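Right, one structure below, let's go through it.
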Amino acid sequence: MNCFYLKVLSFIVFNIFLNFKLIGQDTGLVSTAYIAAGELVKGDLLIMLKSEKNRLDALNEELSKGDEKYKLKVTKLIQEIISDRDSFNMNFIKAIEQHYQFSKVYFFYDHDYLELVKSNFIGGRFLNNDLRKGFTRKFGNRPYYVLKFSKTKNQSLDAYILYDKNENIVPNPFPSIIRLNNFSTWKNNIFYSKTAHARNANYFAKKIQKSYRKIYEKFYKETFM
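Residue 71 in our numbering sits at position 71 of the sequence shown, and the numbers go up by one each step.
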């Protein structure tokens, strides 16, 4: 066999090896997404809500500074932040109850995340419909996934991102990333400012339900919900 044919053969073998390697990697990702869809439908979705704790703590410290006029201004800002936070969070809980049926759901504040990690997401820091804290996850042995505020890896865009119990993002093809700022939320904030929280909450709840169910149907047609 001459040198030319040897090079051609080597090139073909190398590409076959590379393709098998890539296929194996893709299969691994698909397998992980497949497992996530199957576990989540029988498990719990734990949704992180913004508490604005850092902003509020910083503003409360400001109350000890300045004159009465400054304190009134800071107090007003604190009240606005709390009102805005609670309005969206309560609307989101309501929207999830109405539009999301894919799995059981629990809500918690972002500042309780580390304590919940320590308790394997069982401890009594989950919220009820009125944002009162103190509830536990009833079945600690059930699989769970955490939907939390984070940023996309490459573009650093705000998003709801789904993580597994090991704090890894559930990989494609599972629809783990839902951007917070998009045309729908922009339109709601601009043209429907008075009802934007309710509209955005409904949008996210429907999007999560539709995305998760769609991937489940793709993987588990024989056990279609």
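All residues carry an ideal CB built from backbone N, CA and C; glycine is no exception.
Predicted model only: the values in this text are computed from it and were never measured.
Residue pairing of residue 78 in beta bridges, as defined by DSSP: absent, with no partner found. Segment contact: the region 203-210 against the region 91-107, three or more CB-CB distances shorter than 8 Å; contact assigned. Here residue 164 is buried: its Cβ has 16 or more other Cβ atoms, across all protein chains shown, within 10 Å. Nearest to residue 140 by alpha-carbon distance, out of 196, 152 and 124, is 124.
By the criterion of at least three beta-carbon pairs nearer than 8 Å, the region 66-77 is not in contact with the region 156-175.
For residue 81, the closest alpha carbon among the candidates 201, 59 and 48 is that of 59. The beta carbon of residue 40 is closer than 6 Å to those of 103 and 145 in its chain, skipping five residues each way along the sequence.
Around the beta-carbon of residue 183, fewer than 16 other beta-carbon atoms lie within 10 Å, marking it exposed.
With at least 16 other beta carbons inside 10 angstroms of its own, residue 161 counts as buried. If the five residues before and after residue 198 are omitted, its C-beta is found closer than 6 Å to the C-beta atoms of 91, all from its own chain and listed in chain order. Remark: C-beta atoms of residue 111 and residue 51 approach each other more closely than 8 Å. In the DSSP assignment, the residues bridged to residue 44 are 104 and 144. Just so you know, the alpha carbons of residue 109 and residue 54 end up roughly 12 Å apart.
Between residue 88 and residue 214, the alpha-carbon positions lie close to 26 Å from each other. The criterion of a C-beta distance shorter than 8 Å is not satisfied by residue 46 and residue 149.
If you draw a straight line from the Cα of residue 131 to the Cα of residue 33, it comes to about 32 Å. In this structure, DSSP gives residue 38 a helical state, which the three-state scheme calls helix. Taking 8 Å as the cut-off, the beta carbon of residue 179 is found closer than this to the beta carbon of residue 159.
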